[in-house]
Amino acid sequence: MLVLIDNYDSFTYNLVHYFKEIGQEVLVYRNDQKKVEEILNLKPDFVVISPGPSKPTNAGICIDLVKEIAKKKIKVPILGVCLGHQVIAETFGGKVIQSGKPIHGKVSKIFHKNSKLFSKISNPFNATRYHSLIVDKQKIPNCLDITASTEDETIMAVEHKDLDIFGVQFHPESISTDSGHQLLKNFLKTKK
């Protein structure tokens, strides 16, 4: 079972639909609907943190949930999408900053490092972006690897070096993102 934390975003149910299409049971909770302990007591196989309209510190329980899973080394893979990606970076000491110009519905070429999240995905590939904040590449914590970026080196994906925790700045659930289904399938294969 997959728990998806909804950061009050219109894209949440596109993610739900994609995960259901590939065979996952999905439970959706708003970021202020449950406590961290209640989510962990569900014993999810996966946690996904949705996009959202704000910044990581306004994402309800999301930072605390990632911290708790990491601290206790709970074997639950986490995928953060857009705001969820930024939550992961901030949780581990990264910094989220203004991107300089908002990117809304723009398709960009994404270059990746063939990490497990990008298995069987062409390099580069096209992905749709909706964001005005980015993870600062000068302030990336040592525990996170940058696994994808744009041509101008804007961070598009991170992966924890020791835990199955992943973040993508782009939207894999967008119809204009190549191989979005494949990326989500790859995430589901990270469960050990």
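Per this note's numbering, residue 1284 is the first one in the sequence shown, and the count goes up by one each step.
Virtual Cβ for every residue (Gly too), placed ideally from N, Cα, C.
When DSSP states are grouped into helix, strand and coil, T1340 belongs to the helix group. Contact check for P1385 and S1405: beta-carbon distance about 27 Å, past the 8 Å limit, so the pair fails to qualify. For Q1369, the enclosing alpha helix (DSSP H) starts and ends at L1366 to T1374. If you check the CB distance, N1469 and S1398 do not come in under 7 Å. For T1295, the enclosing alpha helix (DSSP H) has its first and last residue at T1295 to E1304.
Here P1455 is buried. Its C-beta has 16 or more other C-beta atoms within 10 Å. For H1443, DSSP records a beta bridge to L1427. Counting along the chain, the unbroken beta strand (DSSP E) around F1449 starts and ends at I1448 to V1451.
If you look at F1470, you'll find it in the alpha helix (DSSP H) that goes G1463 to L1471.
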